[in-house]
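Visitor: Shown below is the structure under consideration.
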């Protein structure tokens, strides 16, 4: 019984991963693609790992799956944030039909102030 | 006190990673202790958090936080699924600016991670106390309303946990 439930979790995870990949292909620009990739892949992978935990129980591999779940949950949004910010700083434009861009004001201010605070440049 | 707590949690994670200790190996434990001490020395000198570790109400709100996050994640996935599989792709993307009232750096990091995992939003940057959020379906609302829609619930819970 617990095996069946674990398999259901793994199937749901694979389905969401697939949806994330379709989004990666279909959506128009970097930021929208990151949205799809981050959300679906995070929940999909976490679901697969949770299914593995249910199937194997409190064994070494099951506990390592839980540990990986926590790490994926913490690092995946952080990675998406770094990619989005890096892409914007590099100069990747938003999609043509984007409605609003508040973030550009930051760079206008920085051009005026000229490296007041460069804590994030490598 | 804080370093001791950090050391204990690092050591527990190490024990999870070397779980099958049926023949209990001393060298595994010694390596774990050394690595944990090194990690604590490297990252342990962050700022002091304002609340005490022993305040138990925080942990209650931390437990409340997890099911809320999981629920919002599932909603987010169904939302992405709808937008991706719909033939016309109903998206109106854009970057909006919201304000946060949180002061603690850890709380802000968690808030940004939560924003990324919730429906239709992706946090791009923090400048001062404003967060820039890429929103896949921008609605014509004021900044305060946008803040409430994007970050409202999580901000309240994180405020109770960290401040």
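Chains as they are written, first to last, in the numbering used here: chain Y, 10 to 131; chain G, 368 to 530.
For each residue, glycine too, the CB sits at the ideal point set by N, CA and C.
All of these numbers come straight from a predicted model, not from anything done at the bench.
1) Could you check which residue in Y:60, Y:74, Y:31 and Y:70 has the C-alpha nearest to that of residue 13 of chain Y?
2) Using 7 Å as the limit for Cβ to Cβ distance, is residue 503 of chain G near chain Y?
3) With the cut-off set at 7 Å, would you say residue 444 of chain G and residue 86 of chain Y are in Cβ contact?
4) In whole angstroms, what separates the C-alpha of residue 452 of chain G from that of residue 36 of chain Y?
5) Which same chain residues, not among the five before or five after residue 78 of chain Y, have their C-beta less than 7 Å away from its C-beta?
6) Would you list, in sequence order, the uninterrupted beta strand (DSSP E) runs of no fewer than 3 residues that lie entirely inside the stretch 420-482 of chain G?
7) Mind checking if residue 483 of chain G is an interface residue toward chain Y, Cβ cutoff 7 Å exclusive?
8) Would you call the stretch 69-78 of chain Y and the stretch 468-477 of chain G in contact, with 3 or more CB pairs under 8 Å?
9) Residues in its own chain within less than 8 Å of residue 127 of chain Y by CB, not counting five upstream and five downstream?
10) Give the interface partners of residue 442 of chain G over in chain Y, defined as CB-CB distance under 9 Å, in chain order.
11) Figure out for me which residue from Y:114, Y:43, Y:62 and Y:23 has the closest Cα to the Cα of residue 503 of chain G.
12) Give me the Cα-Cα distance between residue 82 of chain Y and residue 475 of chain G, rounded to the nearest whole angstrom.
13) Which term fits residue 460 of chain G, buried or exposed, when burial requires 16 or more other beta carbons within 10 angstroms of its beta carbon?
14) Against residue 448 of chain G, what residues of chain Y qualify as contacts under a CB-to-CB distance less than 8 Å, listed in chain order?
15) Quick one: list the residues of chain G neighbouring residue 87 of chain Y, beta-carbon separation under 7 Å, in chain order.
Guide: On the basis of the supplied data:
1) Y:60
2) yes
3) no
4) 10 Å
5) 55, 58 and 59
6) 461-466
7) Yes, contact with chain Y.
8) Flag = no, the stretch 69-78 of chain Y and the stretch 468-477 of chain G do not touch.
9) Low local confidence applies: a pLDDT of 48 at residue 127 of chain Y is under 50, so the model's placement there is unreliable, with the coordinate-based value given in what follows. Result list for residue 127 of chain Y: empty, nothing under 8 Å.
10) What residue 442 of chain G touches in chain Y: nothing, since even the nearest Cβ is about 10 Å away.
11) Measuring from the Cα of residue 503 of chain G, the nearest candidate turns out to be Y:43.
12) 16 Å
13) buried
14) 25, 28 and 49
15) By Cβ distance, chain G contributes 480.
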